[in-house]
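Okay, structure first, notes after.
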């Protein structure tokens, strides 16, 4: 609607050098976006309602018409400084072609609107002021990002009245000439600078002192200038600063303009270095930090650091994966550290887990992208005994057999460390009989295989020989080093035997140990080269850690400049020759697998190991699922149990097994020895035997008091006591006092109950309850499944005359969460596997 | 009648009260005195430098108290950052650069210059906070750290200075009078060296433990040694003096201590807690540590309870502690200002010190009888803080600090001589500082 003229405050900004040659159209589009955003931001920050102004894009600038209800002093005192501040912030980190500087004009007057927009003489006048040559020259005489011109009307009615705290002294009177305007009075104001118009009129170039803290006298002046340039409310310090410079500078310098240019480089003070947050696996964190420092030196522009990398080591893969999937909560800020822009885990396996977790949580706002590998290091089996293996590539079956025979096998936690996870996958694979094809490069273990009937029992046996000593590999070896130092004093080196030990760690960590380098944590101090250098074996199925460089972006707060800095660090530095050589010196192989100077036999390393890269050939999701399944299985099979083994020694145990080969008692003894292998040192186990009225009126007798299996009891460990007790089991002449014994065993486990453990009574029996004076079946069921009483699982392994067809046994066991297992033709071992599957396989008993 | 946009009462006449309140909430008007937006209500966030592990989580409790005092009209969300100072700096800087982040920041004094210089903070009204340079309200050194380029960027919040811990039992074993304070490094060294003499029974004794792992704590220890030897690494005027003989002599003291065996080599792996745990084993004569260790060492039932005494370091300590600053991105700067005023109010500073063990920044708190009872080292600590010195005040502090620790570390390990290490350091610092 065209109609009566309306009063508007007019603000126009124009982008300096919009059509400069180093800017293409894409850049121009970005510049326009930037300016639009900054203008809106400045109005919002000034508290001006969006309803009260209209902004229009002009191609190389923006026209804003502001409702007269908005005080003009607000525009001058808040919008303009806010805009200048926004520009400074943007420019501090922008590439040169994206640096934005503006000319701006504020004027006011009557405008008329037609369907094509506003028009009016005052609007034209504002554009003329903005076009003035002198105003353009002003931009070349300052490093400030914005130069403002106001009309006489604005100056007289607003600035000179000091509305909104405006300072008329900060506005320089000038006369401007441009098209149609011969000599218009106007006032020029530059937020963050003074005397700009005067300098422009004299034709002086920009004369900013280069900042240098170290030059005594200048420092006060220059720091003041810098603070002023980078802060919100500068003003007085600048004038002071300039006066000081004038006072301090030798007169000839001031006189000779040429010299001024030489000594005082025309540049702005350093802006803030872009902060990039890197979270790296502890093993590689120090090396990445050192590389970052070199890269920062190389990224110096105009004498200023442009980026700073803070490298934070992480101790647990599990926690990292979880924190990323949860969007880096405040708990993660507290427990893990800064929200990463980059992660460098030890293995691509971790990246696959991160991706799987993000997908599972439905997080599309967080993206991870791998740029490549930083370095590599094979996972090795490191032992102080150089001649432990006949072959430098021993098979896993051989390794596990040695472990069962007494070799101490140690790895870091698979949940926390990549080397621990890969060692676990390799061991589980070998135990379950899955041999990787194509030279051990790919994971062929599947979640289904981990669910096999006998898998939990077998994996639990693996866990008994493969112990977990720490979250990370470093501390595992740190402990070894400390033990070695404690022993070092008395005996000369040659006389001390090497420990019967093999540790699954990265080649790099082993090298740190061998060279006496820091191992992190309490072992960050240097040590001597150890007496017994660790020697690496490279069993099949152990992968190469590939330390991927992964850029993490969260769309909500995406900072392109930071992402670029993150990428540059890898592409321009880490992947390059110098960084790769440094990584070799740190004990890694290069990203392509080349060993460095340190990889030699005297350091326990086989240089020319064919390095099988740990591949995720086709289906990363499937591999992530496998890893999750392995970790779940690991978590379950190592959960300690509190268990009472209750063994039938009634007369019927004398009878021969139907399959031949000895009496029932003998078969039970064999089975029990098998069961002992399932038990870890942290399990708590006791052994009872039972038969009717075995000890006076009592049907059961304690043979080994319940307690921790690995514990020393007198001169032997409880494990040894259990073994001896099993060997000593013999049939009596009594009947089967089953129910009373089960009842007593459950009651025993309820004393000192430990809810975090699996509490189970395991009964091996060949007969029915033959105890007329004892508790009956219904009462027993009531007692053991009693409401509110601590749950104890009851397993009955039955053979001979006993049968799980009996309803009491079924009810008794299944209602406690246990099971009644007929040994049947498959024998006792199979029944024990099933029990293990229920206790440690995460499988329920079909309740 | 037309109304001014930032005049909520008049707007209310036209637009109705609910809308007026909404608009008032997005209107900013400058406070002519402070330059801050003048709203003094509206929710804020407060970033703590590390998890609050004090007894009763005193910092968090204080924030809650502020809300209560305001009768529910104020809200502050407390966020605990991770424990490492580098990590805190990194997260805060990155968020500030993105135009977001927390509103009130608990900032390590080491990063003050950087954060002020790069415009991450709002300058504060010194008069309103009674924090002018000549103010007698705050301890002088902490207050100094808040002033950068003649503007106030923060108020002191907690302070810290290194103290010298002595094991009286070990001192007794050596046949020394425990009442004689250690007044010089030479004195300390003589006593510490005596622990190595073979005639003493009672196990292997060590002379002195401190933080010599390669991190900020090593920078602090090296600066303190250099200052005590009469040197400096970067002067207040920005001059690099690391290669001067006095500075080299300072570093050489630590190297000689390791070589002489009266500083155990394991100290090269120690941060604060490792030093304390080693000292607590009872086989070490001296330890340099922050005041926090006093409470742990003297806790009832602790092995050395009652056997530990503290004194001043023989030379000046590096100033530690935290300041409270307001982010330039804070939306509710008025609220933030009210909040920091509350946190440094006398009764609250007393509570933080007395119950939480955070050494106060207020002069008056040190005269409080209750605080003196809770912390017998109170007077000593004030003296240590008042004679403490600032670490190099430069916006490139992260680089400077890391360079000092790195080069000192090489000398401690024996990879290079103290002389060479300090010359290398000087070269690196020259280059770094010429860039600011």
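Chains as they are written, first to last, in my numbering: chain R, 1 to 847; chain Y, 848 to 1283.
All C-beta atoms, glycine included, are put in the ideal place defined by N, C-alpha and C.
All values derive from a computational prediction rather than experimental measurement.
Note that the segment 336-355 of chain R touches the segment 538-557 of chain R; at least 3 beta-carbon pairs, one per stretch, sit closer than 8 Å. Taking a beta-carbon distance threshold of 8 Å, residue 937/Y counts as an interface residue toward chain R. Taking each of 414/R, 296/R, 754/R in turn and checking the Cα distance to residue 574/R, the smallest one comes out for 296/R. With contact defined as three or more Cβ pairs closer than 8 Å, the segment 986-993 of chain Y and the segment 1164-1178 of chain Y are in contact. For residue 1108/Y, no Cβ of chain R is located within less than 8 Å of the residue's own Cβ. One thing to note: residue 105/R has its Cβ no nearer than 8 Å to the Cβ of residue 76/R. Close to residue 272/R, with beta-carbon spacing below 9 Å, are these residues of chain Y in chain order: 940, 943, 944, 961, 964, 965, 966, 967, 1242. For residue 334/R, the chain Y residues whose C-beta falls within less than 7 Å of its own C-beta are 898, 927, 928, 929, listed in chain order.
About 55 Å separates the Cβ atoms of residue 116/R and residue 1245/Y, ruling out a contact at the 8 Å cut-off.
At a cut-off of 8 Å between C-beta atoms, residue 310/R counts as an interface residue with respect to chain Y. From the beta-carbon of residue 934/Y, the residues of chain R found nearer than 8 Å are 310, 312, 337, 338. In the DSSP assignment, residue 1133/Y falls within the unbroken beta strand (DSSP E) covering 1131-1136. For residue 277/R, a Cβ of chain Y is located within less than 8 Å of the residue's own Cβ. Residue-level contact check: residue 305/R touches chain Y, since one or more beta carbons of chain Y fall below 8 Å from its beta carbon. By the C-beta density criterion, residue 1031/Y is exposed, having fewer than 16 other C-beta atoms within 10 angstroms. When CB distances to chain Y are screened at a threshold of 8 Å, the residues of the segment 547-575 of chain R falling below it are 557, 559, 562, in chain order.
The closest CA to that of residue 128/R, considering only 151/R, 140/R, 110/R, 138/R, is found on 151/R. By the 16-neighbour rule on beta-carbons within 10 angstroms, residue 697/R is exposed. Annotation for residue 1081/Y: no alpha helix (DSSP H) segment contains it, and DSSP assigns it neither H nor E. Around the Cβ of residue 807/R, a 10 Å sphere holds fewer than 16 other Cβ atoms; the residue is exposed. Annotated three-state conformation of residue 300/R is coil, per DSSP. Excluding residues up to 5 positions away in sequence, 1114, 1122, 1125, 1126, 1131, 1134 lie with their Cβ nearer than 6 Å to the Cβ of residue 1056/Y in the same chain.
If only uninterrupted beta strand (DSSP E) runs of at least 3 residues are considered, those enclosed by the segment 265-345 of chain R are 274-281, 307-314, 342-344. DSSP, reduced to helix, strand and coil, places residue 1060/Y outside both helices and strands of the structure shown, so it counts as coil.
Following the DSSP letters along the chain, one finds residue 39/R inside the alpha helix (DSSP H) bounded by residues 25-45. Annotated three-state conformation of residue 18/R is coil, per DSSP. Under the three-state reduction of DSSP, residue 56/R is assigned to strand.
One alpha carbon belongs to residue 1266/Y, the other to residue 968/Y, and they sit about 39 Å apart. Of the residues assessed, residue 42/R falls on the buried side of the cut-off, its CB having 16 or more other CB atoms within 10 angstroms. If only uninterrupted beta strand (DSSP E) runs of at least 3 residues are considered, those enclosed by the segment 536-583 of chain R are 548-554.
The Cβ of residue 947/Y sits closer than 8 Å to at least one Cβ of chain R. C-alpha of residue 767/R to C-alpha of residue 652/R: approximately 7 Å in a straight line. Chain Y has no Cβ within less than 8 Å of the Cβ of residue 785/R.
Going by beta carbons, residue 140/R and residue 68/R fall outside the 8 Å limit.
Remark: C-beta atoms of residue 474/R and residue 281/R do not approach each other more closely than 8 Å.
Contacts with chain R (Cβ-Cβ distance below 8 Å) from the segment 1223-1250 of chain Y involve 1241, 1242, 1243, 1245, 1246, 1249, listed in chain order.
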